[in-house]
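Report on the structure given below.
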Amino acid sequence: MNRIIFILLLNLPLLTSCKKLIEIDGPIESVTSEKIFDNEENATAALTGIYARMGSLGLRIPIISTGAITISTGLASDELLYTSTATEDMEFGSNEILPTNETVSQYLWRYGYNFIYHTNAVIEGVSLSPNIAEPTKNKLTGEAKFLRAYLNFLLINIFGDIPLITSTDYNISSVAGRSPSDEVYRQIISDLEESKKYLITDYPVAERVRANNMAASALLARVYLYNGNVELAAQNAQYVINSGLYSLNADLNETFISSSNETIWQLMVFAASLATVEGFKFIPSSSLTTLPAYPITPELINSFEPADLRYSSWINNKIVNGITYFFPYKYKKRTNTAGTPVTEYNVLLRLAEMYLIMAESMAKKGNLENSIYYLNILRQRAGLPDLESGLTEAEVLDAIESERRHELFVECGHRWFDLKRTKRADEVLSIMKPGWQPTDTLFPIPKSEILSNPHLIQNEGY
Numbered sequence: 079m080n081r082i083i084f085i086l087l088l089n090l091p092l093l094t095s096c097k098k099l100i101e102i103d104g105p106i107e108s109v110t111s112e113k114i115f116d117n118e119e120n121a122t123a124a125l126t127g128i129y130a131r132m133g134s135l136g137l138r139i140p141i142i143s144t145g146a147i148t149i150s151t152g153l154a155s156d157e158l159l160y161t162s163t164a165t166e167d168m169e170f171g172s173n174e175i176l177p178t179n180e181t182v183s184q185y186l187w188r189y190g191y192n193f194i195y196h197t198n199a200v201i202e203g204v205s206l207s208p209n210i211a212e213p214t215k216n217k218l219t220g221e222a223k224f225l226r227a228y229l230n231f232l233l234i235n236i237f238g239d240i241p242l243i244t245s246t247d248y249n250i251s252s253v254a255g256r257s258p259s260d261e262v263y264r265q266i267i268s269d270l271e272e273s274k275k276y277l278i279t280d281y282p283v284a285e286r287v288r289a290n291n292m293a294a295s296a297l298l299a300r301v302y303l304y305n306g307n308v309e310l311a312a313q314n315a316q317y318v319i320n321s322g323l324y325s326l327n328a329d330l331n332e333t334f335i336s337s338s339n340e341t342i343w344q345l346m347v348f349a350a351s352l353a354t355v356e357g358f359k360f361i362p363s364s365s366l367t368t369l370p371a372y373p374i375t376p377e378l379i380n381s382f383e384p385a386d387l388r389y390s391s392w393i394n395n396k397i398v399n400g401i402t403y404f405f406p407y408k409y410k411k412r413t414n415t416a417g418t419p420v421t422e423y424n425v426l427l428r429l430a431e432m433y434l435i436m437a438e439s440m441a442k443k444g445n446l447e448n449s450i451y452y453l454n455i456l457r458q459r460a461g462l463p464d465l466e467s468g469l470t471e472a473e474v475l476d477a478i479e480s481e482r483r484h485e486l487f488v489e490c491g492h493r494w495f496d497l498k499r500t501k502r503a504d505e506v507l508s509i510m511k512p513g514w515q516p517t518d519t520l521f522p523i524p525k526s527e528i529l530s531n532p533h534l535i536q537n538e539g540y
């Protein structure tokens with residue numbers, strides 16, 4: 079078996095016990111995959127180390143799993159503006175992203191494939207270990223495949239066709255070309271179906287910070303919806319809804335707290351003095367002259383219906399020099415006081431999306447009344463009147479787009495992905511972005527990757 083450097087394992091808090099550290103004899107450089115996977119404790123640490131890294135380890139740097147996609151796609155779509163003079167923000171906001179953009183190359187592409195590499199290492203190492211019991215093998219494999227599927231889903235919706243890496247063999251990955259999207263999606267679905275089979279309903283640990291059967295089903299529902307399989311999208315979303323494990327928070331201000339009943343999967347924040355990356359990036363400091371870094375666009379602000387509680391609960395404002403700036407406020411904490419509990423984690427899957435998937439699936443199956451039923455569940459929570467029965471299919475689909483826009487705004491790239499998958503990006507974004515081009519729906523492949531791998535071909539327009 080190839081030697082694998084698991085630097086991420088050393089000195090990381092385990093999700094199984096936040097105070098426990100993995101201890102492996104020998105220098106970091108000499109740690110091999112055989113050593114890592116020689117027992118269940120070390121193998122579990124290898125997996126939980128990936129979750130920890132994906133949670134940014136409490137760093138304030140947005141990466142693919144914590145903030146980078148939310149911010150970059152929010153700027154690229156019609157959700158966010160920027161007040162800084164940072165070149166990268168300007169590139170996303172104007173949809174003139176350079177292939178040298180650091181967020182694209184470092185925090186989306188490289189972090190994404192780094193995490194995928196480590197999921198592959200867990201899958202390979204666990205399968206070959208003679209010292210890990212079959213139930214534990216299944217659980218660790220199921221979680222690793224869930225994470226790999228989630229990462230591939232993000233990458234394919236950002237870059238289009240991507241290298242499909244399922245091995246730790248550098249000789250293969252270093253020269254891999256871009257696989258067609260259909261092939262990548264087949265792998266994503268395969269990983270999630272296996273994950274759903276291997277994982278049970280109970281979470282491996284408290285606080286829903288590792289994947290269970292429901293997380294796999296929720297992501298499957300989304301993936302099937304994106305691929306037009308509304309039957310299986312509805313089947314998986316209904317499975318999550320009917321489980322009884324989750325419920326919508328009556329108080330919208332509690333939707334993104336770590337103990338939220340609505341959360342299906344979230345990533346832990348590890349540094350006690352820090353809050354979520356998005357909370358830190360979106361909420362301005364208390365200085366009277368500090369502007370919000372990423373104000374919400376007037377287009378989004380003006381699109382809310384009067385009395386929508388999502389507006390009053392999830393959007394805040396700050397007046398600077400007589401100008402009112404609105405900013406995302408789903409996460410309420412910019413920082414955390416050292417020594418106090420961390421009360422907000424990075425929410426990546428939640429129940430409200432399952433209702434939206436049911437609504438869209440029902441509408442596309444021709445069951446408009448059921449579609450309206452699921453939309454009204456979210457509208458009632460938002461303090462809005464029910465949609466009336468008797469709407470046409472076009473009116474219901476418009477209502478679904480509106481509800482998705484207001485329920486999932488500035489959250490994990492949903493709006494950007496929705497505009498692309500519904501082929502509405504050109505129509506919507508060309509109005510507010512004078513330089514918009516159809517090729518802007520994909521981010522560029524990093525220049526550094528193309529220079530190091532001649533088999534990678536740049537996206538059109540870059």
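Numbering (the numbering used here), first residue to last: 79 to 540.
Positions of the beta carbon are idealized from the N, C-alpha and C atoms, including for glycine.
Just so you know, these numbers come straight off a predicted model, no measurement behind them.
Please classify residue i as buried or exposed, where buried requires at least 16 neighbouring CB atoms within 10 angstroms.
i, result
"Arg502", "exposed"
"Ile106", "Caution is warranted here: a pLDDT of 32 is assigned to Ile106, below 50, making its placement in the model unreliable, and no coordinate value can be reported."
"Ser268", "exposed"
"Ile250", "exposed"
"Gly76", "Not covered by the structure: residue 76. The range shown for the chain is 79 to 540."
"Ala284", "exposed"
"Ser108", "A caution first: Ser108 carries a pLDDT of 36, below 50, which makes its placement in the model unreliable, though a value can still be read off. Counting Cβ neighbours within 10 Å, Ser108 comes out exposed, since fewer than 16 surround it."
"His533", "exposed"
"Asp567", "It is not possible to answer for residue 567, since the shown part of the chain is limited to 79 through 540."
"Met292", "buried"
"Ser468", "It should be noted that the sequence gives Gly, not Ser, for residue 468. So Gly468 counts as exposed."
"Met510", "exposed"
"Ala441", "buried"
"Lys498", "buried"
"Thr219", "buried"
"Pro341", "For clarity, residue 341 is Thr in the given sequence; the question names Pro instead. With 16 or more Cβ atoms within 10 Å of its Cβ, Thr341 is classed as buried."
"Gln458", "exposed"
"Thr541", "The requested residue 541 is not part of the displayed model; the chain covers only 79 to 540."
"Ile278", "exposed"
"Val253", "exposed"
"Asp518", "buried"
Note the first and the last residue of the continuous beta strand (DSSP E) segment covering residue i.
i, result
"Gly406", "For the record, residue 406 in the displayed sequence is Pro; it is not Gly. Segment 401-406, the beta strand (DSSP E) holding Pro406."
"Lys511", "It is not in any beta strand (DSSP E) - Lys511 carries neither H nor E in the DSSP assignment."
"Val398", "393-398"
Based on DSSP bridge pairs, tell me the residues matched to residue i.
i, result
"Asn424", "Leu345"
"Ser257", "Ile240"
"Gly145", "Ile141"
"Ile175", "Paired residues: none, contrary to the question."
"Thr413", "Leu352"
"Ile374", "Leu158"
How far does the alpha helix (DSSP H) with residue i in it extend, from its first residue to its last?
i, result
"Leu359", "In the sequence as displayed, the identity of residue 359 is Lys instead of Leu. Here the alpha helix (DSSP H) through Lys359 covers 355-360."
"Phe193", "189-206"
"His484", "471-485"
"Thr126", "118-132"
"Glu527", "525-530"
"Arg459", "446-459"
"Ile533", "According to the sequence as given, residue 533 is His; it is not Ile. It is not in any alpha helix (DSSP H) - His533 carries neither H nor E in the DSSP assignment."
"Tyr433", "429-442"
"Arg493", "492-499"
"Tyr248", "248-251"
(message) Count Cβ pairs between the stretch 478-491 and the stretch 425-445 that sit closer than 8 Å; are there 3 or more?
(response) Taking 8 Å as the limit for Cβ pairs, the verdict is that the stretch 425-445 does touch the stretch 478-491.
(message) Using a Cβ distance threshold of 8 Å, determine whether the stretch 416-426 contacts the stretch 349-362, with at least three qualifying pairs required.
(response) The stretch 416-426 makes contact with the stretch 349-362; the number of CB pairs closer than 8 Å reaches 3 or more.
(request) Any chance you could list the beta strand (DSSP E) runs of at least 3 consecutive residues sitting entirely within the stretch 276-351, in chain order? (result) Under the rule that a run must span 3 or more residues, the beta strand (DSSP E) segments found entirely inside the stretch 276-351 read 341-345.
(message) Within 8 Å, do at least three Cβ pairs link the stretch 294-303 to the stretch 311-325?
(response) Yes: at least three Cβ pairs fall under 8 Å.
(message) Within 8 Å, do at least three Cβ pairs link the stretch 213-230 to the stretch 152-172?
(response) Under the three-pair Cβ rule at 8 Å, the stretch 152-172 does not count as touching the stretch 213-230.
(request) Would you check if the stretch 189-208 and the stretch 242-258 touch, i.e. whether three or more CB-CB distances between them fall below 8 Å? (result) Flag = yes, the stretch 242-258 and the stretch 189-208 touch.
(message) Does the contact criterion of 3 or more C-beta pairs under 8 Å hold for the stretch 443-451 versus the stretch 364-374?
(response) With fewer than three CB-CB distances shorter than 8 Å, the stretch 443-451 does not count as touching the stretch 364-374.
(message) I'd like to know if the stretch 179-194 and the stretch 518-538 are in contact, where contact means that at least 3 CB-CB pairs between them fall below 8 Å.
(response) Counting Cβ pairs under 8 Å, three or more are found: they touch.
(request) Evaluate the contact criterion for the stretch 269-280 versus the stretch 398-417: three or more CB pairs, one atom per stretch, below 8 Å. (result) Cβ pair count under 8 Å is below three, so no.
(message) I'd like to know if the stretch 110-123 and the stretch 143-160 are in contact, where contact means that at least 3 CB-CB pairs between them fall below 8 Å.
(response) Cβ pair count under 8 Å is below three, so no.
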